[in-house]
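Inspection log for the structure reproduced underneath, given as structure tokens.
Numbering (the UniProt record's numbering), first residue to last: 1 to 601.
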């Protein structure tokens, strides 16, 4: 494929917005707040910012430079650097495929919640009645209405991964709609994607701003924000805090998927990607902090609501047990009354036992909820208690959809760009056809996540489909560019595009700091996986009304091993294939020179 035949962004702003739309995703809304909550609130931002500077920005810069110079997708770009490195790009495509298979399922859930948000009473605000019409459904009462709606109505989840069931037709239709919209967004490649990102990259900020204003007007919101910014500096001595900060930066920017290389391949030759790498990286991290403030204001409202509801139950219990005046007992003086009554009527207080709940606001705030639990359970529970809850629900799930769709554009582009680069495909199939076949393939496989055990497979892909492989891919990338291809050649290529060579900061990061951090993360992941014992997942127990830790069966463990190995194995297998093929042809003269980036395509 000739350089001048390749499509390009209409202007540099489209490229920046595409990168922002891709990098700023669902993880900014739920993963980062969870890590803040788990690792000391504001104290977590110290290692987070340090890791952004030492790891995130340099690697982001490197991938943009490769994509812009080569003007090819991941497979073509790495093959052009060296035929033996084609497997790096192939591994990125496989990893992006895994991500696409389950990531769009989250968008399907968002559609499901969005459609149910137009009811006069939100369906997760109260439990459904039982079949005898004598009361509420017992499973829902044991759990909570929000948990019941997510696990039973949305997922129709089974009790374990061993228990399968039919496809949830409602979810299947929502998934079909999600993939149809993705296809419409990417049908004409960069020409259509460039228009869409104006909306997907900006509108979520409008919603977040609206939610910020609304959040700060909610009762108890400041309790959550204060909790977030109260640093627990002892967490800085915890190695896990630093590891999670590095990992969050790494995956939040979307390194290793091939999406950044694909996006940058549509840039003009002299585009200033250095400035764009810095801008997008800080926008991404700033969004995480901004979204966390919004999240913790909502979370503070929910925690305060639960805390005061607990106090009210205790108040009613005391009024029913003792001869007290309603005007004298309030939720603000419950503690004093319990202390006084315990001194006067110790036997009666002791007789209340577990009925006398222990209400603790700090404990409510300390309850960490990760991932889908935060997005679809905690937020839903907070929204149902807001005035005009339908409006806030619609607004919130539209925002989730735009964040999810923006990330999907990058994930799908990471697959279709390398495929379109292959002349054998592009010569016989139009780009619209290739894009459609990729979306259809992902849709058909994605239907498996809409079965009764589908959420357990979703969790497996989410936890094991990308983490290990991405660490490996980016580690190989930086070793290949800096130590195999050569830093001096890479500097020359950057000078050819930008008019100047990278300064000392970039070179120190690429040569020493970033590789050491990646090696440390890679080793930690392997050791942690080995020491973790048998992999487990959260299985829904309808009798207890909550999830319980359960070990994966043998077939589940085998599939996890396949996920871990399948993409990583592309690198050595492709190198072995190229070596054997060249040896068979006896083309030693072709192997004597490694193609350079500056030679172009």
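Where a beta carbon is used, it is the ideal one built from N, C-alpha and C, also for glycine.
Computed from a predicted model, the values in this text were never measured in an experiment.
{"Item": "Option in 417, 456, 382, 309 with minimal Cα separation from residue 261", "Value": "417"}
{"Item": "Of the listed residues 43, 6, 31, 123, nearest to residue 463 (C-alpha basis)", "Value": "31"}
{"Item": "Sequence-distant residues of the same chain with beta carbon closer than 7 Å to residue 445, five excluded per side", "Value": "101"}
{"Item": "Bounding residues of the alpha helix (DSSP H) (the contiguous stretch that carries residue 417)", "Value": "389-421"}
{"Item": "Exposure of residue 451, with buried meaning 16 or more beta-carbon neighbours within 10 Å", "Value": "buried"}
{"Item": "Extent of the continuous beta strand (DSSP E) run through residue 287", "Value": "It is not in any beta strand (DSSP E) - residue 287 instead sits in the alpha helix (DSSP H) that spans 273-321."}
{"Item": "Cα-Cα separation, residue 594 to residue 8", "Value": "The pLDDT assigned to residue 594 is 42, lower than 50, so where the model puts this residue is not dependable, and the model offers no usable value."}
{"Item": "Residue 344, buried or exposed, once every other Cβ within 10 Å from all chains shown has been counted against 16", "Value": "exposed"}
{"Item": "Contacts around residue 39, its chain only, beta-carbon distance under 6 Å, and the 5 residues preceding and following it disregarded", "Value": "235, 241"}
{"Item": "Contact check, residue 259 vs residue 96, beta carbons under 9 Å", "Value": "yes"}
{"Item": "Residue from 489, 112, 21, 177 with nearest C-alpha to residue 203", "Value": "21"}
{"Item": "Whole-Å CB distance - residue 23 paired with residue 254, under 8 Å assumed", "Value": "5 Å"}
{"Item": "Residue 43 CB to nearest heavy atom of the ligand ZN below 8 Å", "Value": "The model depicted lacks the ligand ZN and carries no ligand whatsoever."}
{"Item": "Own chain residues within Cβ distance below 7 Å of residue 337, not counting five before or after", "Value": "318, 329"}
{"Item": "Sequence-distant residues of its chain with Cβ nearer than 7 Å to residue 551 (five each side left out)", "Value": "534, 536"}
{"Item": "Assigned secondary structure, residue 335 (DSSP; H/G/I helix, E/B strand, else coil)", "Value": "helix"}
{"Item": "Cut-off 8 Å between Cβ atoms - residues of its own chain near residue 591, not counting five sequence neighbours on either side", "Value": "Residue placement at residue 591 is poorly supported in this model, since its pLDDT is 44, which falls under 50; the coordinates are not used for a value here."}
{"Item": "Helix, strand or coil at residue 187 according to DSSP, with G and I counted as helix", "Value": "coil"}
{"Item": "Simplified DSSP state of residue 493, which is helix, strand or coil", "Value": "helix"}
{"Item": "Whole-angstrom distance between residue 306 and residue 380, CA atom to CA atom", "Value": "14 Å"}
{"Item": "Exposed unless 16 or more other CB atoms sit within 10 angstroms - verdict on residue 27", "Value": "buried"}
{"Item": "One or two residues paired with residue 547 in a DSSP bridge", "Value": "540"}
{"Item": "DSSP-derived helix/strand/coil call for residue 136", "Value": "strand"}
{"Item": "Nearest to residue 6 (by Cα), restricted to the options 268, 494, 489", "Value": "268"}
{"Item": "Through-space distance from residue 215 to residue 577, alpha-carbon basis", "Value": "57 Å"}
{"Item": "Limits of the unbroken alpha helix (DSSP H) element including residue 74", "Value": "74-81"}
{"Item": "Buried/exposed call for residue 483, threshold 16 Cβ in 10 Å", "Value": "exposed"}
{"Item": "Collapsed DSSP secondary structure at residue 121 in the structure displayed", "Value": "coil"}
{"Item": "Range of the contiguous alpha helix (DSSP H) that encloses residue 157", "Value": "Counting along the chain, residue 157 falls outside any alpha helix (DSSP H), and DSSP gives it neither H nor E."}
{"Item": "Local Cβ density within 10 Å of residue 415, reported as buried at 16 or more and exposed below that", "Value": "buried"}
{"Item": "Same chain, Cβ closer than 6 Å to residue 191, five either side skipped, listed in chain order", "Value": "none"}
{"Item": "Whole-angstrom distance between residue 512 and residue 107, CA atom to CA atom", "Value": "39 Å"}
{"Item": "Option nearest residue 73 by Cα separation, candidates 420, 526, 469", "Value": "420"}
{"Item": "Cβ neighbour criterion (16 or more within 10 Å) applied to residue 69", "Value": "buried"}
{"Item": "Strand pairing of residue 129, partner residues [DSSP]", "Value": "136"}
{"Item": "Terminal residues of the alpha helix (DSSP H) in which residue 231 lies", "Value": "Neither: residue 231 is in no alpha helix (DSSP H) and is coded neither H nor E."}
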